[in-house]
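Below is one structure, written out as structure tokens; the observations come after it.
Numbering (the working numbering), first residue to last: 41 to 274.
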């Protein structure tokens with residue numbers, strides 16, 4: 041599992057993808073956080089709440105190649121015949137994408153450090169916001185890995201990921217209108233509503249379990265998709 045993750049991480053940083061995404065994310069954070077640095081924690085946490093939506097566009101690009109490329113290049117058969125179990129391979133590939141995501145977030149951590157220097161204290165609201173941001177990133181990375189397993193076309197993988205993530209982001213806005221069981225489901229899967237709880241400084245066990253369980257479910261479904269393809273191919 042660690043060997044798979046290391047190989048994929050190295051692949052990311054040998055290509056321009058990681059550097060471009062880091063640059064784009066830093067640019068976005070700079071634009072949003074510049075006014076917040078003058079205002080302290082309140083505006084800073086509000087901005088963290090706002091920039092979460094940009095993950096919907098960044099993570100599909102980050103994850104689109106992780107499995108689709110193997111299928112396109114015909115190297116997926118190596119995964120299916122590898123002595124490493126398929127679940128470990130999938131987890132390794134997920135960890136690679138999640139690690140790159142953490143690098144991107146980690147580089148931007150200079151902003152809260154500056155705020156801490158000026159404010160002199162770390163609030164639970166700031167800590168909660170970053171914990172929520174990381175959990176949201178893990179969930180979205182798992183969606184991206186799953187979508188990458190569905191097709192050999194990286195663009196299609198990215199589009200499917202974007203649609204799923206965006207739907208989960210806006211679900212609660214239409215839950216009340218839809219109503220009934222479907223409305224309840226939409227409210228339950230709304231990542232924006234759950235993420236916003238963290239930005240208020242509330243470390244809700246229910247929301248932590250949701251993000252971790254959702255991530256695990258997506259990885260399980262990814263394994264099942266690949267196993268089904270192996271069974272069909274004989």
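The beta-carbon is built from N, C-alpha and C at its ideal position, and this holds for glycine as well.
Every value quoted in this text rests on a predicted model; they were computed, and no experiment measured them.
From what residue to what residue does the alpha helix (DSSP H) around residue i run?
{"i": "residue 114", "result": "From DSSP, residue 114 is part of no alpha helix (DSSP H); its letter is neither H nor E."}
{"i": "residue 104", "result": "Counting along the chain, residue 104 falls outside any alpha helix (DSSP H), and DSSP gives it neither H nor E."}
{"i": "residue 206", "result": "194-218"}
{"i": "residue 123", "result": "First-last for residue 123: undefined, no H or E at that position."}
{"i": "residue 190", "result": "No alpha helix (DSSP H) contains residue 190, which DSSP labels as neither H nor E."}
{"i": "residue 239", "result": "231-239"}
{"i": "residue 42", "result": "42-54"}
Express the C-alpha separation of residue j and residue i in angstroms, rounding to a whole number.
{"i": "residue 103", "j": "residue 194", "result": "9 Å"}
{"i": "residue 48", "j": "residue 217", "result": "43 Å"}
{"i": "residue 233", "j": "residue 247", "result": "10 Å"}
{"i": "residue 212", "j": "residue 237", "result": "13 Å"}
{"i": "residue 74", "j": "residue 129", "result": "41 Å"}
{"i": "residue 180", "j": "residue 157", "result": "31 Å"}
{"i": "residue 230", "j": "residue 121", "result": "38 Å"}
{"i": "residue 165", "j": "residue 141", "result": "22 Å"}
{"i": "residue 197", "j": "residue 168", "result": "31 Å"}
{"i": "residue 244", "j": "residue 171", "result": "11 Å"}
{"i": "residue 173", "j": "residue 112", "result": "32 Å"}
{"i": "residue 221", "j": "residue 149", "result": "40 Å"}
{"i": "residue 242", "j": "residue 123", "result": "43 Å"}
{"i": "residue 155", "j": "residue 131", "result": "35 Å"}
{"i": "residue 226", "j": "residue 58", "result": "33 Å"}
{"i": "residue 115", "j": "residue 192", "result": "11 Å"}
{"i": "residue 50", "j": "residue 88", "result": "29 Å"}
Between which residues of its own chain and residue i is the CB-CB distance below 7 Å, once the five residues before and five after are set aside?
{"i": "residue 147", "result": "62 and 66"}
{"i": "residue 133", "result": "44, 48, 106, 107 and 185"}
{"i": "residue 93", "result": "209"}
{"i": "residue 144", "result": "61, 62 and 65"}
{"i": "residue 96", "result": "202, 205, 206 and 209"}
Enumerate in chain order the residues of its own chain whose CB-to-CB distance from residue i is below 8 Å, with the five nearest sequence positions on each side excluded.
{"i": "residue 90", "result": "72"}
{"i": "residue 119", "result": "110, 126, 129 and 266"}
{"i": "residue 64", "result": "98"}
For residue i, which residues in the same chain have their Cβ closer than 6 Å to its Cβ, ignoring the five residues on either side in sequence?
{"i": "residue 135", "result": "45"}
{"i": "residue 258", "result": "182, 183 and 186"}
Assess contact between the stretch 241-259 and the stretch 101-115, defined as three or more Cβ pairs (one per stretch) separated by less than 8 Å. Is contact present? no
Does the stretch 258-273 touch the stretch 200-209, meaning 3 or more C-beta pairs lie closer than 8 Å? no
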